[in-house]
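Since the structure comes first, as structure tokens, the remarks are kept for the end.
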Amino acid sequence: MRGTSAAGTEGVLLLHGIARRAASLRPLERRLTRAGYVTLNLDYPARRLGLADIVEAIAPTVAAFGEDVTRLHIVTHSMGGLVARVLLARRRPDNLGRVVMLSPPNGGSEIADALHRFAAYRRFFGPAGAELGTERGAAQARLFGRVDYPLGIIAGSRSRSLYPLASLLLPRPNDGRVTVARTRLDGMTDHIVLPAAHPTMMWNRRLAAETLHFLREGRFGGR
């Protein structure tokens with residue numbers, strides 16, 4: 024876990040993807056810090072627990088951080104967006120600000136559909152990996168809740184150079200892991216598509232600028 028705190032300022036909770044660590048969001052975290060936000064960049068057990076259990080594991084730390092800031096914003100990458108949705112359905116802070124999701128598999132991923140039948144996938148990605156498929160039932164709908172908060176989603180459209188085989192399994196446009204269409208979510212405030220690939224999009228300067236713009240203005244700046 025990495026965090027900085029100062030009472031009376033706005034804070035940002037950062038949630039990484041399933042096969043990443045907090046370090047993957049550190050460049051974006053530094054950009055947020057320079058812009059005046061305090062941050063909580065969490066390492067969480069993404070491959071050892073299911074989504075609901077992940078939220079219960081991080082909820083006390085998130086709540087303590089939220090008490091020290093005037094508004095608590097959330098910025099996520101990949102599966103971190105699903106973690107945020109469960110968190111906000113179960114443990115929403117009273118001072119919630121705005122939420123930005125970077126390539127969230129809100130509608131699941133066809134890659135997970137194709138690979139989940141393999142034992143190696145199930146061992147590596149664990150319980151949460153089983154929740155990344157495109158088949159969503161009533162139980163998951165209740166788990167995620169509805170979007171009634173300011174939500175901006177950034178999708179990526181650059182896939183072929185990094186993921187030539189994966190791209191064959193995905194309808195276009197996609198970022199090599201998630202299609203643009205499956206990032207969308209009913210109730211979202213704004214949505215843009217940038218030429219970025221899934222594993223590196225959080226290091227993209229324009230993406231960082233758009234994230235900051237949404238946190239400040241409640242909408243993205245470019246089209």
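At position 80 of the sequence shown (counting the first as 1) the number is 103 in this note's numbering, and the numbers step up by one without a gap.
Ideal Cβ placement from N, Cα and C applies to all residues, glycine included.
Given the structure is predicted, the values throughout are model-derived calculations rather than measurements.
Could you check which residue in R207, M124, P50 and P218 has the C-alpha nearest to that of H96? In the sequence shown, residue 96 corresponds to position 73, counting from 1. With distances taken between Cα atoms, H96 lies closest to M124.
Going straight from the alpha carbon of I176 to that of P127, what length do you get? In the sequence shown, residue 176 corresponds to position 153, counting from 1. In the sequence shown, residue 127 corresponds to position 104, counting from 1. Answer to the nearest angstrom: the Cα atoms are 8 angstroms apart.
Is the region 211-222 touching the region 159-169 in the sense that three or more CB pairs, one from each, lie closer than 8 angstroms? Taking 8 angstroms as the limit for Cβ pairs, the verdict is that the region 211-222 does not touch the region 159-169.
Between which two residues does the alpha helix (DSSP H) carrying E21 extend? Here the chain covers residues 24 to 246 and nothing more, so residue 21 does not appear.
Assign A87 to one of two classes, buried (16 or more other C-beta atoms within 10 Å of its C-beta) or exposed (fewer than that). Taking the first residue of the sequence shown as 1, we reach residue 87 at position 64. A87 should be labelled exposed.
Span of the alpha helix (DSSP H) around E79: In the sequence shown, residue 79 corresponds to position 56, counting from 1. Its alpha helix (DSSP H) spans residues L74 to G89.
I need the straight-line Cα distance from P196 to G179, nearest angstrom please. Position 173 of the sequence shown, counted from the first residue, corresponds to residue 196. Position 156 of the sequence shown, counted from the first residue, corresponds to residue 179. Put simply, the backbone Cα of P196 is about 8 angstroms away from that of G179.
Can we say the region 38-49 touches the region 67-77, given the rule of at least three CB pairs closer than 8 angstroms? Yes, the region 38-49 is in contact with the region 67-77.
Mapping DSSP to helix, strand and coil, what is R229? Residue numbering aside, residue 229 sits at position 206 when the sequence shown is read from its first letter. In the structure shown, R229 adopts helical secondary structure according to DSSP, grouped into three states.
Measuring alpha carbon to alpha carbon, tell me which of L230, D209, F243 and G244 ends up nearest L51. Here the question's residue 51 lines up with position 28 in the sequence shown. For L51, the nearest C-alpha among the options comes from L230.
Cross-strand partners of G34 (DSSP beta bridge): Mapped onto the sequence shown, residue 34 falls at position 11. Looking at the DSSP output, G34 bridges to V61 and L95.
Whole angstroms are fine: how far does the CA of L191 sit from the CA of L110? Locating residue 110 in the sequence shown gives position 87, where the first residue counts as 1. Locating residue 191 in the sequence shown gives position 168, where the first residue counts as 1. Cα to Cα, L110 sits roughly 33 angstroms from L191.
Quick check: the Cα distance between G73 and G130, rounded to an integer number of angstroms? Stepping through the sequence shown from its first residue, residue 73 is reached at position 50. Stepping through the sequence shown from its first residue, residue 130 is reached at position 107. Cα to Cα, G73 sits roughly 17 angstroms from G130.
For R108 and L208, the rounded distance between their alpha carbons: Taking the sequence shown and counting its residues from 1, one reaches residue 208 at position 185. Taking the sequence shown and counting its residues from 1, one reaches residue 108 at position 85. Computed Cα separation, rounded: 11 angstroms.
Give me the residue from H214, R242, L238 and L166 with the minimum Cα distance to G59. For the purposes of this step, residue 59 is identified with residue 36 of the sequence shown, where counting begins at 1. Out of H214, R242, L238 and L166, L238 has the C-alpha closest to the C-alpha of G59.
Output the distance between the C-alpha atoms of P83 and V35, rounded to the nearest integer angstrom. Taking the first residue of the sequence shown as position 1, residue 83 is located at position 60. Taking the first residue of the sequence shown as position 1, residue 35 is located at position 12. When the Cα atoms are used, P83 and V35 turn out to be separated by approximately 16 angstroms.
Check whether D198 and M224 have beta carbons under 8 angstroms apart: As a working note, residue 198 is residue 175 in the sequence shown. As a working note, residue 224 is residue 201 in the sequence shown. Yes, the pair counts as a contact, with Cβ atoms nearer than the cut-off.
Exposed unless 16 or more other CB atoms sit within 10 angstroms - verdict on P116: Here residue 116 is taken as the residue at index 93 of the sequence shown, counted from 1. The residue in question, P116, is buried, as its Cβ has 16 or more Cβ neighbours within 10 Å.
Ordered along the chain, which non-local residues of its own chain (more than five positions away) have a Cβ less than 8 angstroms from that of L235? As a working note, residue 235 is residue 212 in the sequence shown. Cβ within range, chain order: R54, L55 and A58.
Within the continuous beta strand (DSSP E) that includes A178, where are the two ends? Position 155 of the sequence shown holds residue 178. Per DSSP, A178 is one residue of the beta strand (DSSP E) stretching across L174 to G179.
Three-state secondary structure assigned by DSSP to M24: Position 1 of the sequence shown, counted from the first residue, corresponds to residue 24. Reliability fails at M24, whose pLDDT of 49 lies under 50, so the model's placement of it is uncertain and the value that follows must be treated cautiously. Three-state result, M24: coil.
Residue from I77, G120 and G104 with nearest C-alpha to V92: The count along the sequence shown starts at 1 and reaches residue 92 at position 69. Taking V92 as reference, the option from I77, G120 and G104 with the minimal CA-CA separation is G120.
How should T206 be labelled, buried or exposed, when 16 other C-beta atoms within 10 angstroms of its C-beta is the threshold for buried? Locating residue 206 in the sequence shown gives position 183, counting from the first residue. Residue burial is scored here from C-beta neighbours: T206 has at least 16 other C-beta atoms within 10 angstroms and is therefore classed as buried.
Using beta-carbon positions only, say whether L174 and I134 come within less than 8 angstroms of one another. Here residue 174 is taken as the residue at index 151 of the sequence shown, counted from 1. Here residue 134 is taken as the residue at index 111 of the sequence shown, counted from 1. When the beta-carbon positions are compared, L174 and I134 stay at least 8 angstroms from each other.
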